[in-house]
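Below is one structure; the comments refer to it alone.
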Amino acid sequence: MSRVATPPQKWLRRVILWGVTLIFLIPLFAMTEFTLRSPGGGYSFEHWLALGEIGDSRQYRVLANGLSNSAVLSGLTLVLVLGVFAPTIIWVHLRFPKFERILDLLTVLPIAIPAIALVVGFAPIYRLLGKSLGSGEWTLFLAYGVLVLPFTYRAIMADLQGMDARVLSEAARSLGATWFAVFTRVLIPGLRRGLLSASLLTIAIVMGEFTVSSLLSRTTFQTGLLQISQTNPFIAVLVSLLSLIIMFVLLATVSGAGSRIRNSKVRTPSAKEKSYVA
Amino acid sequence: MSHSFAVPSPTPTPAAPSGIALLQVRKDYGQATVLHSVDLSLKPGELVCLLGPSGCGKTTALRCLAGLEDVTSGSVLIDGQDVSGIPVNKRDIGMVFQAYSLFPHMTVQKNVEFGLRMRKISASVRRQRVAESLELVGLSGFDDRFAAQLSGGQQQRVALARALVTRPRALLLDEPLSALDAKVRVRLREQIRAIVTDLGITTVFVTHDQEEALAISDRVAVMNQGRIEQFDTPQEIYRHPVSAFVADFVGISNKLPGLIEDDQHVLVHGQSIPVAKMGNAKVGQAVTAFVRPEHLRILRAGENIGPALDGVVISSGFLGSLRRTLVRLAAPKSEIAVQHEASEEFLPGDRVVVSVLPVPVAVGA
Ligand SMILES: Nc1ncnc2c1ncn2[C@@H]1O[C@H](COP(=O)(O)OP(=O)(O)OP(=O)(O)O)[C@@H](O)[C@H]1O
Ligand SMILES: [Mg+2]
Chain A
0 MSRVATPPQK WLRRVILWGV TLIFLIPLFA MTEFTLRSPG GGYSFEHWLA
50 LGEIGDSRQY RVLANGLSNS AVLSGLTLVL VLGVFAPTII WVHLRFPKFE
100 RILDLLTVLP IAIPAIALVV GFAPIYRLLG KSLGSGEWTL FLAYGVLVLP
150 FTYRAIMADL QGMDARVLSE AARSLGATWF AVFTRVLIPG LRRGLLSASL
200 LTIAIVMGEF TVSSLLSRTT FQTGLLQISQ TNPFIAVLVS LLSLIIMFVL
250 LATVSGAGSR IRNSKVRTPS AKEKSYVA
Chain B
0 MSHSFAVPSP TPTPAAPSGI ALLQVRKDYG QATVLHSVDL SLKPGELVCL
50 LGPSGCGKTT ALRCLAGLED VTSGSVLIDG QDVSGIPVNK RDIGMVFQAY
100 SLFPHMTVQK NVEFGLRMRK ISASVRRQRV AESLELVGLS GFDDRFAAQL
150 SGGQQQRVAL ARALVTRPRA LLLDEPLSAL DAKVRVRLRE QIRAIVTDLG
200 ITTVFVTHDQ EEALAISDRV AVMNQGRIEQ FDTPQEIYRH PVSAFVADFV
250 GISNKLPGLI EDDQHVLVHG QSIPVAKMGN AKVGQAVTAF VRPEHLRILR
300 AGENIGPALD GVVISSGFLG SLRRTLVRLA APKSEIAVQH EASEEFLPGD
350 RVVVSVLPVP VAVGA
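Taken in order, these protein sequences are the chains called A and B.
Residue numbering for the first sequence follows numbering that gives the first Met the number 0, starting at 0 and increasing by one per position.
Residue numbering for the second sequence follows numbering that gives the first Met the number 0, starting at 0 and increasing by one per position.
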């Protein structure tokens with residue numbers, strides 16, 4: 000006999016929701032509380048006000064450096080994702096559906112393999128790269144490309160399948176569109192939701208990446224934070240808190256933007272319009 | 000009014016169109032041969048249905064015509080020109096797909112004018128042609144809708160308008176109505192037939208629905224396992240199926256045991272019946288004869304003269320001016336359907352005799 004799965008009771012759902020919310024909120028509260036502590040005892044906005052000097056003060060230089068490196072890396076990784084990954088994924092989906100399964104498998108590897116293990120592979124490659132490209136922080140974008148692949152692949156693929164990209168591109172081709180026109184006029188506009196999610200996820204991952212940059216001894220936002228926390232824990236926690244909030248807003252935008260685009264597309268016809276429908 | 004679509008265009012149309020054709024087309028997917036030397040020639044302005052069961056290669060044949068698939072061997076002609084090396088976007092065809100294929104982020108107006116944009120037609124001409132095209136499919140005033148705000152039938156009509164707006168050399172439709180419910184399907188197929196006649200555009204219409212094919216085609220190509228079994232007018236296909244497959248697939252056929260009598264006749268229960276096409280049947284061979292319900296005559300037991308089959312009526316159904324009666328035969332033990340005038344009535348249990356009219360039949364092993 001099979002049991003029918005019933006949704007949990009209302010009170011149980013409440014408990015679970017509140018439990019999860021608390022798990023996320025308590026550290027955030029603790030961090031906020033910590034940044035408000037005054038060295039002399041009591042609470043003040045002292046540390047928050049010090050934030051204004053982050054650009055010019057010497058002690059914060061490593062953090063400012065890391066932040067700008069990470070920003071550059073985000074941009075480069077984004078170029079890689081939108082300029083190389085997205086067209087490749089679309090192309091495989093349209094022309095070589097046979098290879099989609101392989102791609103599916105290949106793109107989970109970066110999640111399946113721990114970052115520490117990945118670095119073992121990256122290190123010798125970066126030694127080689129160092130000879131031709133130098134050891135600038137920006138070269139990390141290649142490794143980051145690998146790290147973001149699982150997420151960007153899935154974001155784009157879900158949209159591709161949802162929009163029936165194969166039929167749409169064949170329809171466009173039959174109407175005289177070149178492949179370039181199929182991409183720019185049909186696929187990219189149709190995939191804006193997936194591409195937006197992929198982009199925001201990329202930024203979130205690159206800004207939050209620590210293991211690889213630390214083990215390859217590059218200065219990024221997160222390694223900078225670690226370094227500064229040894230001399231000024233208040234500012235480290237404060238910046239972490241800010242970056243957490245920014246990431247949260249970013250990721251909320253991913254899901255929010257997605258549903259907004261969907262909703263605007265599937266505007267329900269008004270009563271007057273309905274009367275037309277045969 | 001409906002001719003308003005054919006107003007002179009800035010791009011002159013080629014002088015003498017000469018239809019489209021598949022010549023000895025073969026298509027392999029890896030080891031599997033999906034099309035075996037298919038020959039199909041359409042006259043200009045003709046509507047041909049590709050009819051056949053699922054998996055017989057209808058879509059593949061259409062895609063070869065469109066240029067969405069490359070043929071393994073053979074050639075494809077459009078307006079007498081070999082287009083084998085020409086990609087789909089240069090073949091100047093219009094297509095409608097089974098799946099809804101309107102661009103979801105564009106309005107109806109933008110969807111329909113897509114092909115004109117690709118041809119770099121000016122905005123004012125585009126507007127006019129889109130309006131004409133939408134009027135043709137009966138959707139004037141729907142310009143600003145999105146696909147999600149249209150019914151399935153409306154979406155397919157917009158897709159048709161979009162395919163026709165460029166005045167293509169051929170219109171290719173792959174089961175455009177199969178996602179729609181029965182009533183809409185019948186109405187829309189009549190509409191497509193009328194539009195095609197009106198524009199005089201050469202059209203290939205893929206379907207697995209034999210009624211649909213017989214209703215709208217100038218000619219029907221019945222396909223089976225990658226081959227065209229018969230290519231003829233709906234009447235000929237129905238009346239004189241050349242193979243057991245066609246007889247069985249198109250319309251209703253009774254399967255009666257027979258014996259090949261000579262090179263033109265089959266003996267069905269003592270009656271000599273002409274054979275439409277012998278194929279590889281040999282004299283003296285036992286075969287199945289496919290006999291249409293309207294090619295059987297039913298009489299009450301005792302009224303018959305000449306050879307006939309004895310049976311008992313199981314049921315009788317009213318079809319308007321006709322009646323179809325199901326008879327269980329004594330020997331061979333089987334059920335057959337007989338069509339006859341509605342004025343003759345038979346009740347379940349009535350003892351009857353059934354004889355075969357001397358109309359050419361299809362035979363098969
Ligand atoms: N890309 C492909 N690779 C391999 N085999 C294919 C491919 N496309 C079609 N086939 C095979 O070719 C045969 C004919 O397919 P096709 O789609 O032309 O059939 P169809 O007559 O249109 O059927 P349906 O009525 O189900 O649409 C099928 O056996 C199918 O499995
Ligand atoms: Mg098909």
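Note that the Cβ used here is the ideal one computed from N, Cα and C, for glycine as well.
In this text the structure is predicted, and so the values were computed from the model without any measurement.
- Under the Cβ distance rule, residue 114 (chain B) counts among the residues neighbouring chain A, one pair being separated by less than 8 angstroms.
- The closest heavy atom of ligand 2 lies 7 angstroms or more from the beta carbon of residue 68 (chain B).
- In the DSSP annotation of this structure, residue 177 (chain B) is not part of any alpha helix (DSSP H), being labelled neither H nor E.
- The shortest C-alpha to C-alpha distance from residue 59 (chain B) to any of B:81, B:86, B:214 and B:28 is the one to B:28.
- Annotation for residue 36 (chain B): the continuous beta strand (DSSP E) segment containing it runs 31-41.
- Annotation for residue 208 (chain B) indicates a beta carbon at 7 angstroms or more from all heavy atoms of ligand 2.
- For residue 245 (chain B), the closest of B:18, B:51 and B:19 by C-alpha to C-alpha distance is B:51.
- Residues of the stretch 158-180 of chain A with a C-beta less than 8 angstroms from any C-beta of chain B: 162, 163, 166, 167, 169, 170, 171, 172, 173, 174, 175, 176, 177 and 180, listed in chain order.
- Interface flag for residue 301 (chain B) against chain A is unset, since no Cβ pair is found closer than 8 angstroms.
- Put simply, the CB of residue 322 (chain B) is far from chain A, with every gap to its CB atoms at 8 angstroms or more.
- Runs of alpha helix (DSSP H) with 4 or more residues, each lying fully within the stretch 132-180 of chain A, are found at 140-161 and 164-173, listed in chain order.
- Within the stretch 96-130 of chain B, those residues whose Cβ lies closer than 7 angstroms to any Cβ of chain A are, in chain order, 96, 98, 100, 102, 103, 104, 113, 114, 117 and 118.
- At a cut-off of 8 angstroms between beta-carbon atoms, residue 189 (chain A) makes contact with chain B.
- Around residue 185 (chain A), the beta-carbon contacts reaching into chain B at under 8 angstroms are 102.
- Contact between the stretch 229-243 of chain B and the stretch 275-294 of chain B is present: three or more C-beta pairs spanning the two stretches fall below 8 angstroms.
- Taking a cut-off of 8 angstroms on C-beta distances, the stretch 101-119 of chain A does not touch the stretch 168-185 of chain A, as fewer than three cross pairs fall below it.
- For ligand 1, residues qualifying as neighbours are B:28, B:33, B:53, B:54, B:55, B:56, B:57, B:58, B:59 and B:207, where qualification means a beta carbon closer than 5 angstroms to at least one of its heavy atoms (chain order).
- None of the residues of the stretch 38-58 of chain B has a beta carbon lying less than 8 angstroms from any beta carbon of chain A.
- In the displayed model, residue 65 (chain A) falls within a helix according to three-state DSSP.
- Residue 59 (chain A) counts as buried, since at least 16 other C-beta atoms from the protein chains shown sit within 10 angstroms of its C-beta.
- As DSSP reads the structure, residue 288 (chain B) sits in a beta bridge with B:255 and B:362.
- The residue among A:126, A:34, A:57 and A:214 with its C-alpha nearest the C-alpha of residue 48 (chain A) is A:34.
- The residue among B:243, B:111, B:300 and B:346 with its C-alpha nearest the C-alpha of residue 315 (chain B) is B:346.
- For residue 20 (chain B), the closest alpha carbon among the candidates B:63, B:129, B:26 and B:97 is that of B:63.
- 86, 87 and 88: these are the residues of the stretch 76-88 of chain B whose beta carbon lies less than 9 angstroms from some beta carbon of chain A, given in chain order.
- Taking a Cβ-Cβ threshold of 8 angstroms, the residues of chain A close to residue 92 (chain B) are 173, in chain order.
- Sequence-ordered contacts of the stretch 185-212 of chain B with chain A are nonexistent [C-beta pairs closer than 7 angstroms].
- With respect to chain A, the C-beta atom of residue 135 (chain B) has no partner C-beta closer than 8 angstroms.
- By the criterion of a C-beta distance shorter than 6 angstroms, residue 141 (chain A) is surrounded by no residue of its chain, once the five residues flanking it on both sides are discounted.
- Closest in alpha carbon position to residue 348 (chain B), among B:311, B:299, B:214 and B:181, is B:311.
- Distance check between residue 85 (chain A) and each of A:158, A:104 and A:218 places A:158 closest, using alpha-carbon atoms only.
- When the beta-carbon positions are compared, residue 88 (chain B) and residue 176 (chain A) come within less than 8 angstroms of each other.
- Look at the stretch 62-105 of chain A and you find these whole runs of alpha helix (DSSP H), each 4 residues long or longer: 85-94 and 99-105.
- Residues of chain A with a Cβ closer than 9 angstroms to the Cβ of residue 161 (chain B) are, in chain order, 170 and 174.
- Taking 8 angstroms as the upper bound for CB-CB distance, residue 46 (chain A) and residue 245 (chain A) are not in contact here, some 18 angstroms apart.
- CA-to-CA, the gap between residue 104 (chain B) and residue 123 (chain B) works out to about 22 angstroms.
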